[in-house]
Structure formats: C-alpha cells, structure tokens
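25 is the number that the UniProt record's numbering gives to position 25 of the sequence shown; each next residue is one higher, with no gaps. Note that CB positions come from ideal geometry on N, CA and C, so glycine has one too. Every value quoted in this text rests on a predicted model; they were computed, and no experiment measured them. Here's the structure, in structure tokens; my notes come after.
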Amino acid sequence: MNFTARAYYLHEHDENPVEIRTSDDVRGLLDAMLTQPKDSSIVTLYVAERPKLDIGGADHELRIGVLADRKVGSVSFISGKDRHYAKGVADPDPIRYQYAGHLDLFPADSLVELDVLLTVAADFLASGAERLPQGAQWSPWPTEPLDEDEGGWF
C-alpha cells in the first residue's frame with residue numbers, strides 16, 4: 001500500500017498541509033526546511049491513512065527539527081503514549097527549534113545528520129507509521145522536562 005503523509009510547518013498548512021507521497025517528496029520537504037526562517041524550523045508529519053483517536057487526533061507523529069545554518073537536525077516519533085528521539089551528537093543544552101513561532105526543545109544529544117532525517121522520514125512514509133522508523137538509533141524521550149537555558153534563544 002502507498003501512504004500519504006501530511007506535513008505542517010507554516011500557519012497556512014493548518015488548512016492546506018503539504019502532501020508527501022514519495023521519497024522525492026521527502027527530500028523536497030527537507031530541502032524546503034533548509035530555507036525556512038528559525039521560527040518555522042520544525043515540521044510535523046502524520047500519515048493520512050491511519051485511524052484517528054476517539055478525540056479526533058492522530059495516534060502518531062513524526063516531528064523533525066532542522067538547524068539550517070548547521071545542516072543538522074533532530075527527529076522524534078510518537079506512537080500512542082510512547083515517544084522516542086534519534087540519538088546523535090550532544091550539544092551542551094537542549095536543542096531549540098520553533099514550530100509556528102512556539103519553542104520546541106529536543107534533548108541535548110539529539111543532533112543527527114540530514115541523511116538520518118531523510119532516511120527516517122522516508123521509512124515513516126513507507127511503513128505508514130506502523131512502527132518506529134528505521135534509520136536512526138532511537139532512545140526513549142527523557143522523563144524529566146527539558147529546561148531552557150538562561151541564554152538568549154536567537
């Protein structure tokens with residue numbers, strides 16, 4: 001079966017999400033993320049064919065953050081109550097992204113190469129979000145809140 005992922009990273013995507021159907025579409029999405037301003041550095045993806053929860057929301061989510069200036073990013077996968085992130089290179093503080101202008105923190109050790117983001121997103125699409133995507137070393141999301149440091153954000 002072929003799946004369609006709906007991608008959201010700009011306010012206008014609330015009503016008209018970007019549709020991702022192929023690995024070329026995934027690459028195009030990541031290329032687009034490299035050109036976004038810092039206040040749109042996160043994209044969320046949902047597979048259209050998956051069932052909704054009783055409350056109407058998705059039962060899964062792939063969240064990709066891109067630091068365009070550093071050519072690296074972070075990725076997390078949520079399925080039900082479980083959230084994992086791709087473990088990578090560590091920074092001193094949590095990694096800061098913005099989704100539609102709102103702060104979104106990732107663990108300090110979540111920086112991965114863009115190729116990892118591409119592989120994970122392509123497998124997320126190919127599997128229909130049925131499982132943890134292949135292509136990354138996954139770690140459970142920290143149970144403690146990620147604290148923002150005292151420094152400036154941008």
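Query	Result
Under the three-state DSSP convention, the category Phe77 falls into	strand
Nearest to Tyr97 (by Cα), restricted to the options Gln137, Asp69 and Val18	Asp69
Distance between Gly65 and residue 155 (C-alpha atoms, nearest Å)	Because the chain is modelled from 1 through 154, residue 155 falls outside the range shown and cannot be assessed.
Identity of the residue in Ile20, Asp24, Thr35 and Pro51 nearest Thr44 by Cα	Ile20
Proximity to Leu118 [Cα-Cα], best of Ser23, Tyr99, His60 and His11	Ser23
Helix, strand or coil at Gly28 according to DSSP, with G and I counted as helix	helix
Nearest-angstrom Cα separation, counted from Gly101 out to Tyr9	10 Å
Cα-Cα separation between Ala5 and Glu144, rounded to whole angstroms	30 Å
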